[in-house]
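Asker:
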Amino acid sequence: ILGTMVKTEAVRLYAKGVMMGYRRSKVKQYTHTSLLQIEGVTSKQDSEFYLGKKVAYVYKAKTKKRGSMFRCMWGKVTQPHGQSGVV
29 ILGTMVKTEA
39 VRLYAKGVMM
49 GYRRSKVKQY
59 THTSLLQIEG
69 VTSKQDSEFY
79 LGKKVAYVYK
89 AKTKKRGSMF
99 RCMWGKVTQP
109 HGQSGVV
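To convert a position in the sequence shown, counted from 1, into the working numbering, add 28.
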């Protein structure tokens with residue numbers, strides 16, 4: 029049985045993205061809402077899959093906390109922004 033098992037590649041359970049900035053109007057900037065461009069999402073219809081999903085911003089700090097140099101901020105995708113797939 030072990031000899032007939034097929035090896036498969038690891039499946040990535042996350043999608044990379046870029047933080048583009050904050051939601052804003054002509055005059056005011058809303059710093060409690062960040063805009064993200066998720067890899068492979070190019071339209072409003074594509075972004076609907078990610079609505080309600082959790083988002084993690086992972087970065088490296090200069091000092092250790094709890095034995096790690098990495099920090100993480102969590103958020104949630106709430107709505108699409110425009111027609112180009114930004115959430």
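Positions of the beta carbon are idealized from the N, C-alpha and C atoms, including for glycine.
(1) So, for residue 52: in the same chain, excluding its five sequence neighbours on each side, which residues have a beta-carbon less than 7 Å away from its beta-carbon?
(2) I'd like the list of long-range same chain contacts for residue 113, defined as Cβ closer than 6 Å, with 5 residues on each side in sequence excluded.
(3) Can you confirm whether the region 98 to 110 touches the region 75 to 85 when touching is taken to mean that 3 or more C-beta pairs between the two stretches lie within less than 8 Å?
(4) Measure how close the beta-carbons of residue 45 and residue 65 come, nearest whole angstrom, since I'm counting them as under 8 Å.
(5) On the premise that residue 55 lies in contact with residue 80, defined as a C-beta separation below 8 Å, what is that separation, rounded to the nearest angstrom?
Answerer: With the given structure in hand:
(1) 58
(2) The beta carbon of residue 113 is closer than 6 Å to those of 69, 70, 71, 74, 75 in its chain, skipping five residues each way along the sequence.
(3) Taking a cut-off of 8 Å on C-beta distances, the region 75 to 85 touches the region 98 to 110, as three or more cross pairs fall below it.
(4) 6 Å
(5) With a Cβ gap of about 30 Å, residue 80 and residue 55 do not count as contacting.
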